[in-house]
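**Q** Protein chains in written order, with our numbering: chain A, 4 to 127; chain B, 1183 to 1365.
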Amino acid sequence: MNWLLVLAGGAVGAPLRHLTDRAVRSRHDGAFPWGTFTVNVVGCLVLGVLTGAVVHGAASHSAQLLVGTGLCGALTTYSTFSYETLRLAETGARFHAAANVVAGVLAGLGAAVAGAALAAALWG
Amino acid sequence: MTAPRDDRATTEPVDRDPNLGLDPDRGPDTGPGGGASAFGGGAPAVRRRDAARREAPVVAAVAAGGAAGAAARYGAALLWPTAAGAFPWTTLLVNAVGCAVMGAFMVLVTDLWAPHRLVRPFFGTGVLGGFTTFSTYAVDVQRLIEDDRAGTGLACLALTPLAALAAVWTAAATTRRALRGRR
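1. On the DSSP letters alone, give me the boundaries of the alpha helix (DSSP H) that Cys1338/B sits inside.
2. When you compare only the Cα positions, how much space is there between Pro1263/B and Ala122/A?
3. Can you give me the Cβ contacts of Trp37/A inside the same chain, cut-off strictly under 6 Å, excluding the 5 residues immediately before and after it?
4. Please go through the same chain and pick out, in chain order, the residues whose beta-carbon is closer than 7 Å to the beta-carbon of Gly107/A, but skip the five residues on each side of it.
5. For a contact meaning CB atoms closer than 7 Å, what does Pro1343/B contact in chain A?
6. Measuring CB to CB, does Leu1300/B end up less than 8 Å from Ala1243/B?
7. What are the start and end residues of the alpha helix (DSSP H) that includes Met1284/B?
8. Please tell me whether Cys1281/B and Ser82/A are closer than 8 Å, where the distance is taken between their beta carbons.
9. Under 7 Å Cβ-Cβ, which residues of chain B neighbour Val9/A?
10. If you drop the 5 nearest sequence neighbours on each side, which residues of the same chain put their C-beta closer than 7 Å to that of Pro1239/B?
11. Here's the rule I'm using: 16 or more other beta-carbon atoms within 10 Å means buried, otherwise exposed. How should Asp1207/B be labelled?
12. If you count every other CB in all the chains shown that lies within 10 Å of the CB of Gly1306/B, and 16 or more means buried, which is it?
13. Tyr81/A by DSSP, collapsed to three states: which one?
14. Given a limit of 9 Å on CB to CB distance, which residues of the segment 71 to 82 of chain A reach chain B?
15. Say whether chain B places a C-beta atom closer than 8 Å to the C-beta of Val116/A.
16. From which residue to which residue does the alpha helix (DSSP H) around Pro1239/B run?
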């Protein structure tokens, strides 16, 4: 059952990332990978809220597996994040490469902190 | 969130060369999402239906890959669980391995062989994207800081991107060298 929850979450999260990335790309044609940035920040926020909800007893272990491990885990990505950074650096966009890492990491952590604070306010 | 257009004059338009697509699922033949409306010909409804018909297998391939990648990550977390307050090595290693495979895979599909149009969506976007995770990384760091483990949290915050970038760069460079050696 646990495996099914993770599989189902992953089967939703990954296409959600793909479609979000595509939608963002059709609106922003610059060098900065806003699509990956967006899904990573949103995924960190949702997982922050969910983890807080589990800590405060407002969400079950099953919800954690389905939405956390499966959906948020597959919605967010480190492999595309690092590959896009590598491509930016290789094509001479060094500033964008460095900005992508720093902004991605800080925004992701900020979103996780905001999500945890939101969960504490709601269920703490 | 507008793109910094001024910088584009001094940098290569990295997203325009179909052979060097940044997005691992952006094969030259998968077509842009909303781009079809920029070109004439055919009723909008027909073009939308054609785009959806082309896109559906790609989304299905991403979903199947994402499920497999997430399950593999879950399996790794069950095999090597991280104790509360400890450094989350499993997540770091999962991410580093996923980045290394991505680096090698992308060189192979851009420099060596043009695979079927569903290979990149399935393996790059789906399996590797689903296997690696940014959200668990960020929430792990947040939890460590909240539990007065700021040192461990900040070490994880800095070490993970360093390991991920070293992995993708080393794997891409090694694969390129190996391919040049074959020729």
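No residue lacks a Cβ here, since even glycine has one placed at the ideal position from N, Cα and C.
**A** By the coordinates alone:
1. Ala1332 to Arg1364
2. 25 Å
3. Val27 and His31
4. Phe40, Asn43 and Phe84
5. Identification of chain A residues near Pro1343/B by a Cβ-Cβ cut-off of 7 Å yields Val104 and Val108, ordered along the chain.
6. Contact flag set, yes.
7. Trp1271 to Val1289
8. yes
9. Ala1252, Ala1253 and Tyr1256
10. Leu1300
11. Low local confidence applies: a pLDDT of 49 at Asp1207/B is under 50, so the model's placement there is unreliable, with the coordinate-based value given in what follows. With 16 or more other Cβ atoms within 10 Å, it is buried.
12. buried
13. Three-state result, Tyr81/A: coil.
14. Gly71, Thr72, Gly73, Leu74, Cys75, Gly76, Ala77, Leu78, Thr79, Thr80, Tyr81 and Ser82
15. yes
16. Where Pro1239/B is concerned, the enclosing alpha helix (DSSP H) stretches over Pro1226 to Leu1261.
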